[in-house]
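A.B. asks: Oh and the sequence shown: position 79 is 155 in our numbering, straight run, nothing missing.
Note that CB positions come from ideal geometry on N, CA and C, so glycine has one too.
Have a look at the structure that comes next, please.
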Amino acid sequence: MLSGRRLDLIDPSPLDVELSDIAHGLARVARWNGQTIGDHAFSVAQHSLLVAEIVRLIDPAASAGLQLAALLHDAPEYVIGDM
77 MLSGRRLDLI DPSPLDVELS DIAHGLARVA RWNGQTIGDH AFSVAQHSLL
127 VAEIVRLIDP AASAGLQLAA LLHDAPEYVI GDM
């Protein structure tokens, strides 16, 4: 990971997960394998931010937990890709 941490995929620990690693990884992963219109790929990070915004627009009173779940719904992709 960019932070220097190592993540054991067989026995992961929350202590080995850094939010900056998630953000960095998702910002560099293209949605739809880069098959989008424009000069730049649409990243998983952009998608995650849009999903979180949609949740807030649909339900302005959405709990912090729901908003966090929307933001991090693709978080595992930072290390294992889309499955």
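DSSP on Ala106, reduced to helix/strand/coil?
C.D. replies: Counted from its first residue, the sequence shown places residue 106 at position 30. Ala106: strand per DSSP, three-state reduction.
A.B. asks: Quick one: what does DSSP say Ser119 is sitting in, helix, strand or coil?
C.D. replies: Within the sequence shown, residue 119 is the residue found at index 43, counting from 1. Looking at Ser119 - three-state DSSP - the assignment turns out to be strand.
A.B. asks: Suppose you measure from the CA of Asn109 to the CA of Ala151; what does that come to, to the nearest Å?
C.D. replies: Within the sequence shown, numbered from 1, the residue matching residue 109 stands at position 33. Within the sequence shown, numbered from 1, the residue matching residue 151 stands at position 75. Their backbone Cα atoms lie some 17 Å apart in a straight line.
A.B. asks: Would you call Ile98 buried or exposed, if buried means 16 or more other Cβ atoms sit within 10 Å of its Cβ?
C.D. replies: The residue you call residue 98 lines up with position 22 of the sequence shown. Ile98 is buried by the Cβ-count criterion.
A.B. asks: I'd like to know if the stretch 84-97 and the stretch 109-120 are in contact, where contact means that at least 3 CB-CB pairs between them fall below 8 Å.
C.D. replies: No: fewer than three Cβ pairs fall under 8 Å.
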